[in-house]
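Take a look at the structure set out below.
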Amino acid sequence: MTVADDLKTARQHLVERGWNQGGLINGGRVCAMGALNLACWGEVRPGLNADVDRRGPAFAALAKHVPSEFGDEVAMFNDAPTTEFEDVLNLFDKALAELGAL
Numbered sequence: 001m002t003v004a005d006d007l008k009t010a011r012q013h014l015v016e017r018g019w020n021q022g023g024l025i026n027g028g029r030v031c032a033m034g035a036l037n038l039a040c041w042g043e044v045r046p047g048l049n050a051d052v053d054r055r056g057p058a059f060a061a062l063a064k065h066v067p068s069e070f071g072d073e074v075a076m077f078n079d080a081p082t083t084e085f086e087d088v089l090n091l092f093d094k095a096l097a098e099l100g101a102l
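Counting from 1, one number per residue, gives the positions in the sequence shown under this note's numbering.
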């Protein structure tokens, strides 16, 4: 699978399962990182370093579009009280657009 495939699959998990803040998964709903875990590993689990596992390239593609006040921290952006579900979907859309996959 390509980075774009992983991002599309993760985005689909967010839409189908619902979005979560404050943890990878809650009642089946997933955060941005939980959705990436599902797309790349087939399960939601904390774990491997994003720099060395399959999730790394997709994470990097998202991190480039995180608003500057969050640095490149996808999880911090996802969990911020001011972040809404649409903001997270837009993050995926920007990454996909940059990859020419939207």
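C-beta: ideal position from N, C-alpha, C; glycine also.
Fair warning: this is a prediction, and the values are worked out from it, not measured in the lab.
The three-state reading of DSSP puts V66 in coil, since its state is none of H, G, I, E or B. Residue state for N90 is assigned as helix, using DSSP reduced to three classes. Inter-residue distance for L38 and H13 is about 8 Å (C-alpha atoms, whole angstroms). Residue environment analysis places L102 among the exposed positions, since fewer than 16 neighbouring C-beta atoms fall within 10 angstroms of its C-beta. Separation of E84 and N20 (C-alpha to C-alpha, rounded to the nearest whole angstrom) is 10 Å. Boundaries of the alpha helix (DSSP H) harbouring L7: 3-17, taken from the DSSP string. Straight-line measurement puts the Cα of R17 at about 5 Å from the Cα of R29. A10 places its beta carbon less than 9 Å from that of A32.
For N37, the enclosing alpha helix (DSSP H) stretches over residues 32-41.
The residue from G56, G22, G23 with its alpha-carbon nearest to that of D6 is G56.
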